[in-house]
Structure formats: structure tokens, C-alpha cells
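Undergrad: Just passing along the structure, written as C-alpha cells.
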Amino acid sequence: SVLCAMDKRVRGNGLEAAKVIETAVKDTLEAGLVARINLILFYPSTTIEALRVTIDKSVELIQKGAIFDPFTYVEAYRGASILRKGYLIRCKACSVNSSLVMFPDFLELRDPIVRDIARRATGAKPHIDRQVKAQYGIRGNLPSPINTLTLFKSIYLSAGLDVSKIDRAIDD
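First residue of the sequence shown? That's 113 in my numbering, and the numbers climb one at a time after it.
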């Protein structure tokens, strides 16, 4: 799981850790509190299956009232321990005092198929946002849950996966 790859200390590992987190979020929601969750979708070691499971569980939790703050890529912050794990760092060129300087931007995905899905999904999201805004007469920014769901939809469409569950969540 992403949490294990990140060396986060959640009880258990893999599916067991995911179950601990899911239970905690559901308990929070059942207590009448809003659960706000940070989510990294494209961790460098992410697989298609891990992405699918993460999105499917997240859609269920959104339908129960959870709010997600999804991050697409892992950003390369100076001094972060992940920079020592050997992942390829994508850099961005910037002009500073008429000199071209390269700055670390984000960590590249290992799996070329997931990398392609991520690239296509992030490119398609603005179009999906416009479609949803037009369909539902939304002006301005999308509400947070819908914004997250349109990101999920763009990922699923880019991966060739069925989006009907995500569309139903948007409709709700």
C-alpha cells in the first residue's frame, strides 16, 4: 500500500492498514463529524490495482460525507526522506535573472502505464469539470466532493475503467 511505501506507521500493512483507516473514517462519520482526508493518488510506486481500490473506497466514503483533498503527484520538497529512495525526479525549468534554472518538481511514477494514465487524466480533468458544471448549472468552483469525483472520473476514463459508480456519486 502507499502508506507502507511511505513508511507511515499505521497498524498492520497493506490491506490490513487500509481497513484500519477505513474503519476510523467511518467511525468519525457515524459520530457526526466530517472526515477530511489527504490522498496521494500517484505515489511513485502506485499500481493500477492500488489506484482502483483507493478510488473505489474513496467514492464510497465521499458518499457517506467524507471530504478528500487529493494530491496527484508527490512533490519533491528539499530534505524530504522520499528523495533518498531512488525515485526519478521530474524537474521544471525556470528563468531566473535571465539564466535557466532547473527546480525539482515532482517524483516520476515507476509504472509507465500508470504514468500515462496520470498524464492523460490530469490533462482531461478541466474538460470533465466543464462538462459537470454545464450539466448541473454550477458557476465558479466545483464543490470539494464533486471536484474530487471529477478527478477520479478523469483517471478512470484514462485507464479505460467503468465510471458509472463515480457518475452516480456525482449525481447524488
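Even for Gly, the Cβ is constructed at its ideal location relative to N, Cα and C. These figures come from a predicted structure and were not determined experimentally.
Expressed to the nearest angstrom, what Euclidean distance is found between the alpha-carbon atoms of L261 and D284?
TA: Reading the sequence shown from its first residue, position 149 is the one you call residue 261. Reading the sequence shown from its first residue, position 172 is the one you call residue 284. Cα-Cα distance, rounded: 11 Å.
Undergrad: E220 to S266, Cα distance in whole Å?
TA: Reading the sequence shown from its first residue, position 108 is the one you call residue 220. Reading the sequence shown from its first residue, position 154 is the one you call residue 266. Approximately 19 Å between the Cα atoms of the pair.
Undergrad: Buried or exposed: where does L269 fall if 16 or more other Cβ atoms within 10 Å of its Cβ makes it buried?
TA: Numbered from its first residue, the sequence shown carries residue 269 at position 157. Looking at its Cβ environment, which holds 16 or more other Cβ atoms inside 10 Å, L269 is buried.
Undergrad: Please give me, in chain order, every unbroken run of the beta strand (DSSP E) with length at least 3 that falls completely inside the stretch 137 to 173.
TA: Listed in chain order, they are 148 to 154.
Undergrad: On a Cα-Cα basis, can you pick out the residue from L173, K169 and K197 that is closest to V146?
TA: The residue you call residue 146 lines up with position 34 of the sequence shown. Minimum Cα distance to V146 is reached at L173.
Undergrad: Quick check on DSSP: helix, strand or coil for P255?
TA: Locating residue 255 in the sequence shown gives position 143, where the first residue counts as 1. The answer is coil: DSSP assigns P255 none of H, G, I, E or B.
Undergrad: Put L195 into one of helix, strand or coil per three-state DSSP.
TA: Taking the first residue of the sequence shown as position 1, residue 195 is located at position 83. Three-state result, L195: helix.
Undergrad: Would Y155 be called buried (16 or more neighbouring beta carbons within 10 Å of its own) or exposed?
TA: As a working note, residue 155 is residue 43 in the sequence shown. By the neighbour-count rule (16 or more Cβ atoms within 10 Å), Y155 is buried.
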